[in-house]
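Asker: In the numbering used here, the protein residues as written are 8 to 173.
Below you will find the structure I want to go over with you.
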C-alpha cells in the first residue's frame, strides 16, 4: 500500500512539474515585436496642411524628422518600422511606413504623402569583396611587407647631417 501511495505522489509531482514548466518553455518560443523609428500618430500627420504649414510648424507638430533630403527642395522623411523576431531568428519587417513632407523654396509645405510596405523594394547587395585601390596583397605580404623598409636610407632617423645644424 505504501509503494502505491508513493508512486501516486511521484506521478502527481511529475504532472505538477510538467504543468509548471510548460508555460515557461512556451514563453521562450514567443516572438518579440519592436517598433523602430518615428511612431506615427494619425491625428498629427493629418494636421499638416500644404500651403498653410511651414518647416517650424511641422517640426513643432511632428518633431525632428528621421532624416531630411540633402539635395533639391527640402523634404522631411518620418520613417517607422515594425519588426518581429522569433527565437534565434533575424528580425523581419512586418510593417513599414514613411511620411514625406515636401517644402517649397519659401519653406512652406507643398505636399504630404505616405508610403507603405507596397512601396518597399528589396535589394540584394553583392556579397563579393569590395575591391581596394592599389596592389592586391595577401596576408603574408601584409605581415612581412615592411621588413627591411624600417631604417632604410632617406627615411630619416639617421645620424647627423640634418638641416638644424647638428
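All C-beta atoms in this analysis are idealised placements derived from N, C-alpha and C, irrespective of residue type, glycine included.
Residue 87 and residue 104 - do their beta-carbons sit closer together than 9 Å?
Answerer: Here residue 104 is taken as the residue at index 97 of the chain shown, counted from 1. Here residue 87 is taken as the residue at index 80 of the chain shown, counted from 1. For residue 104 and residue 87, yes; Cβs fall inside 9 Å.
Asker: Taking 9 Å as the threshold (C-beta atoms), are residue 116 and residue 30 in contact?
Answerer: Mapped onto the chain shown, residue 30 falls at position 23. Mapped onto the chain shown, residue 116 falls at position 109. It is not a contact, given that the beta carbons lie outside the stated cut-off.
Asker: When burial is assigned at 16 or more other CB atoms within 10 Å of the CB, is residue 110 buried or exposed?
Answerer: To locate residue 110, count along the chain shown from 1; it is residue 103. Buried, by the Cβ-count rule.
Asker: Mind checking residue 60: buried by the 16 CB within 10 Å criterion, or exposed?
Answerer: Counting from 1 along the chain shown, the entry for residue 60 is found at position 53. Under this definition residue 60 is a buried residue.
Asker: Considering residue 54, what are the terminal residues of the alpha helix (DSSP H) in which it resides?
Answerer: Numbered from its first residue, the chain shown carries residue 54 at position 47. Counting along the chain, residue 54 falls outside any alpha helix (DSSP H), and DSSP gives it neither H nor E.
Asker: Looking at the unbroken alpha helix (DSSP H) that takes in residue 118, where does it start and where does it end?
Answerer: To locate residue 118, count along the chain shown from 1; it is residue 111. First-last for residue 118: 116-122, but that is the beta strand (DSSP E), not the alpha helix (DSSP H).
Asker: Taking the CB atoms as reference points, tell me whether residue 47 and residue 84 lie closer together than 9 Å.
Answerer: Here residue 47 is taken as the residue at index 40 of the chain shown, counted from 1. Here residue 84 is taken as the residue at index 77 of the chain shown, counted from 1. For residue 47 and residue 84, no; Cβs fall outside 9 Å.
Asker: Tell me which residue opens and which closes the beta strand (DSSP E) that residue 86 is part of.
Answerer: As a working note, residue 86 is residue 79 in the chain shown. Unbroken beta strand (DSSP E) run through residue 86: 82-92.
Asker: Looking only at its own chain, which residues have a Cβ that is under 7 Å from the Cβ of residue 54, when we skip the five neighbours before and after it?
Answerer: Here the question's residue 54 lines up with position 47 in the chain shown. Excluding sequence neighbours, residue 54 sits near 68.
Asker: Taking the alpha carbon of residue 39 as the reference point, which residue from 101, 75, 51 has its own alpha carbon closest?
Answerer: Taking the chain shown and counting its residues from 1, one reaches residue 39 at position 32. Ranking the options by Cα distance to residue 39, first place goes to 101.
Asker: Give the straight-line distance between the Cα atoms of residue 121 and residue 79, rounded to the nearest whole angstrom.
Answerer: On the chain shown, residue 121 is found 114 positions in, with the first residue counted as 1. On the chain shown, residue 79 is found 72 positions in, with the first residue counted as 1. If I take the Cα positions, the gap works out to 20 Å.
Asker: Given this structure, state the Cα-to-Cα distance separating residue 149 from residue 155, to the nearest angstrom.
Answerer: The sequence position of residue 149 within the chain shown is 142, counting from 1. The sequence position of residue 155 within the chain shown is 148, counting from 1. Their Cα atoms are separated by approximately 13 Å.
Asker: Going by C-alpha distance, which of 62, 131, 136, 144 is nearest residue 113?
Answerer: In the chain shown, the residue the question calls residue 113 occupies position 106. The candidate whose alpha carbon is nearest that of residue 113 is 62.
Asker: Verify whether the separation of the beta carbon atoms of residue 127 and residue 107 is less than 9 Å.
Answerer: For the purposes of this step, residue 127 is identified with residue 120 of the chain shown, where counting begins at 1. For the purposes of this step, residue 107 is identified with residue 100 of the chain shown, where counting begins at 1. No, they are not a contact pair.
Asker: Among the residues of its own chain, which have a CB less than 6 Å from the CB of residue 124, if the five just before and after it don't count?
Answerer: Position 117 of the chain shown, counted from the first residue, corresponds to residue 124. Around residue 124: 103.
Asker: Quick check: what's the CA-CA separation for residue 14 versus residue 32?
Answerer: As a position in the chain shown, residue 14 is number 7, starting the count at 1. As a position in the chain shown, residue 32 is number 25, starting the count at 1. Annotation: residue 14 to residue 32 spans about 26 Å, alpha carbon to alpha carbon.
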